[in-house]
Amino acid sequence: MYGISLSHILERAKNTDEVIIVGAGTRGRELLACFEKEQSVSVKHLFDNNENLIGSSIRNVKVVRPYKIQEVKCIYVISVDEVKSREELRLQLEHLGIMRDDVALYCDRDYDYLANLDEKYYKDVLQLMYYEEFGKRINWENPVTYNEKINWEKLYLRDARRTRLADKFLVRDWVREQIGERHLTKLYGVWDDPEDIDFDALPDAFVLKLNNGSDRNIIVKDKSQINREEICKQLKIWKESNYVYTMLEPHYKDIVPKIICEEYLVGLAESVYDYDIFCFQGKPVYIHCLKGSHKPECRASFYNKKWEMMPFSHAYPKDEIAPKPEKLDEMLELSRILCKDFKHVRVDWYNLPDGRVLFSEMTFMAWGGLRRFVPDEWDTIFGNMI
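Given below as C-alpha cells:
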C-alpha cells in the first residue's frame, strides 16, 4: 500500500460517489477538516475499530465499524500514522471484499513512511510522485522521456558502480585514479562519528558534509563562531538517515555513511558558477551553468559545447547568458574521461578564480527524475539520448 498526497486524494474524491475516511484519530480528523473546505467533496463515514468512538460524530460525520459500501463507487482513505495500524486496516478492508484499487493511504510520504514501505509498492509511489509533478503517468513498458527513464531505472537498473561514485568519499579515490589529485578539493579529515571530530585541528574555514546524499553540508566561514554541539547533532541526524528514502534512488541505499571535511571554496555560492555537464553514451553533450549553487534563488542556463545558449531550461528558471568559463575545454575533456563507461551521467565542476578545475560530484538521476523541462519537448530529446 502506498501513500498519496492531499491534492491527489482530493482529485480522486471528486470523481467518486462516496468517500470513507478510515481512522478517526488525529490524522483522520485532519483529513476530514481538509475535505470540509472542498464543497464538491463530502465524507459519508469515518471508519474506526475503537469501541469508545463508534456511534459518535466528528464534524457531523458518524464514526462506524468498517464495512463494504454497496452499489456505489467509493474510495476508502486510510488515515493513520502508525505503520502497523495501516497494514492491519488494509487487511481488514481486504477481508471485507474491498478492492485494492478502491483503497488509498493518506500520508505525507515523509522519511519514516518511505523507510517502512514494502519495496513491492515502490512502483506505485513513483507513479504518484511522477503524476503529481507532470500530470501524466509513466509508461513503464516503453519509457520515452528523460524523466520516465530515470524513474524506470530506479526499479530495474542495479549498478554497484553508481553506489561507489555517488559516495562523496569513495568517489575521490576513483577521480584520483582517473584524472589526478589536482582536481579534488583539499580533504582535512574523515570520521565515522561526529564526536570524533577534532575541531581544534581544523582550519578557521571549512565545509563538513555527509558522503551519503545531497544537500547535507555545513559551511563554516569562521570556526570561532560555531556551536560545535549543534553541528555534531545535525551530522548525527544525517548519518542515521538513508538518502534512498527521499526519492527512492537505489544507489544511495548501500553507502556506508561517513563525515568528511573539505576546504571552504571562497565565494562559491555568491560568485562562482557550477558547471553540470550532462553526458550521454560516454560523451559530454550539454553544460548546465548554475548561478547560485543550488540555492532557492538559483538561476541557470544550458549551453552546447561551443558555449551557445540553448532554448530550454530544467529545474531552475533560465538566466541571462553567462561568461564562457576559461577552462571549458578542460572540463569537457575531464568529463569525457569520467563518463566513458556510462549511458548517462552528469559530471559537475567548479572553475575557480585561481584557475583550478575542481570535481564536484557525479549524478546519475538528476533531480530524481522529478523536474520539468521547459519547453516539455526537451524531456523527450534528453530521453532519446539515453
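For the record, in the sequence shown the residue sitting at position 220 is 220 according to our numbering, with numbers rising by one throughout.
Where a beta carbon is used, it is the ideal one built from N, C-alpha and C, also for glycine.
What does the alpha-carbon distance come out to for the pair residue i and residue j?
| i | j | result |
| --- | --- | --- |
| Lys367 | Pro323 | Sequence check: residue 367 is Trp here, not Lys. If you take the alpha carbons of Trp367 and Pro323, they lie about 25 Å apart. |
| Lys149 | Met365 | 10 Å |
| Leu388 | Glu141 | What the structure shows of the chain is the stretch from 1 to 386, and residue 388 is not part of that stretch, so it cannot be assessed. |
| Phe302 | Asp329 | 16 Å |
| Asn60 | Gly97 | 27 Å |
| Pro250 | Lys120 | 14 Å |
| Phe278 | Pro257 | 27 Å |
| Arg346 | Asp81 | 37 Å |
| Tyr122 | Ile237 | 24 Å |
| Pro375 | Glu230 | 43 Å |
| Arg65 | Ser85 | 15 Å |
| Tyr202 | Tyr245 | Here residue 202 turns out to be Leu, not Tyr, going by the sequence shown. Approximately 32 Å between the Cα atoms of the pair. |
| Lys73 | Leu290 | 49 Å |
| Pro284 | Met331 | 10 Å |
| Lys209 | Val175 | 18 Å |
| Glu408 | Lys327 | Lying before the first or after the last residue shown, residue 408 is absent from the chain, which here runs from 1 to 386. |
| Thr5 | Ala13 | The residue you asked about is not Thr; residue 5 is Ser in the sequence shown. Taking the straight line joining both Cα atoms gives about 12 Å. |
| Glu333 | Pro325 | 14 Å |
| Leu235 | Asp193 | 9 Å |
Consult DSSP for residue i and reduce its assignment to one of helix, strand or coil.
| i | result |
| --- | --- |
| Ile54 | coil |
| Phe280 | strand |
| Asp193 | coil |
| Met310 | coil |
| Met365 | coil |
| Tyr273 | coil |
| Cys107 | coil |
| Phe359 | strand |
| Cys34 | helix |
| Ala300 | strand |
| Lys324 | coil |
| Asn217 | strand |
| Glu18 | strand |
| Trp342 | The question names Trp, yet the displayed sequence has Phe at residue 342. Three-state DSSP puts Phe342 in coil, outside helix and strand. |
| Leu91 | helix |
Tell me, to the nearest whole angstrom, how far the beta carbon of residue i is from that of residue j; I am working on the premise that it is less than 8 Å.
| i | j | result |
| --- | --- | --- |
| Glu36 | Ile69 | Actually they do not touch by this definition, with Cβ atoms about 20 Å apart. |
| Arg137 | Tyr146 | Incorrect: roughly 16 Å between the Cβ atoms, too far for contact. |
| Ile75 | Leu89 | At roughly 14 Å, the Cβ-Cβ gap does not stay under 8 Å, so Ile75 and Leu89 are not in contact. |
| Gly28 | Ile21 | 5 Å |
| Leu338 | Tyr350 | Contact flag wrong, Cβ pair sits at about 15 Å. |
| Leu370 | Glu133 | 5 Å |
Leaving aside the five residues before and after residue i along the sequence, list all residues of the same chain whose C-beta is less than 6 Å from its C-beta, in chain order.
| i | result |
| --- | --- |
| Arg164 | Leu170 |
| Val63 | Ala24, Leu46, Asp48, Leu53, Ile54, Ser56 |
| Glu361 | Asp348 |
| Val103 | Tyr76, Leu93 |
| Asp167 | Asn211, Ile255 |
Note down, in chain order, each residue of its chain lying with its Cβ closer than 8 Å to the Cβ of residue i, except the 5 sequence neighbours on either side.
| i | result |
| --- | --- |
| Pro317 | Arg299, Ala300 |
| Phe206 | Tyr188, Val220, Lys223, Cys261, Glu262, Glu263, Tyr264 |
| Ser313 | Ala300, Ser301, Phe302, Phe373, Val374 |
Return the chain-ordered list of same chain residues with a C-beta closer than 7 Å to the C-beta of residue i, the five sequence neighbours on each side being excluded.
| i | result |
| --- | --- |
| Asn304 | Tyr286, Met310 |
Taking 7 Å as the cut-off, does the CB of residue i come closer than this to any heavy atom belonging to the ligand FMN?
| i | result |
| --- | --- |
| Leu338 | Looking at this structure, you won't find the ligand FMN or any other ligand, since it has none at all. |
When the Cβ atoms of the region 154-170 are set against those of the region 373-383, are three or more pairs found closer than 8 Å?
-> When Cβ pairs closer than 8 Å are counted between the two stretches, the region 154-170 is seen not to touch the region 373-383, the count staying below three.
Would you call the region 226-246 and the region 330-349 in contact, with 3 or more CB pairs under 8 Å?
-> In short, these stretches do not touch, since the Cβ pair count stays below three.
Could you tell me whether the region 241-261 touches the region 196-209, using the rule of 3 or more Cβ pairs below 8 Å?
-> With the cut-off at 8 Å, the region 241-261 and the region 196-209 touch.
Counting Cβ pairs, one atom from each stretch, are 3 or more of them under 8 Å apart for the region 229-243 and the region 207-216?
-> A contact exists between the region 229-243 and the region 207-216.
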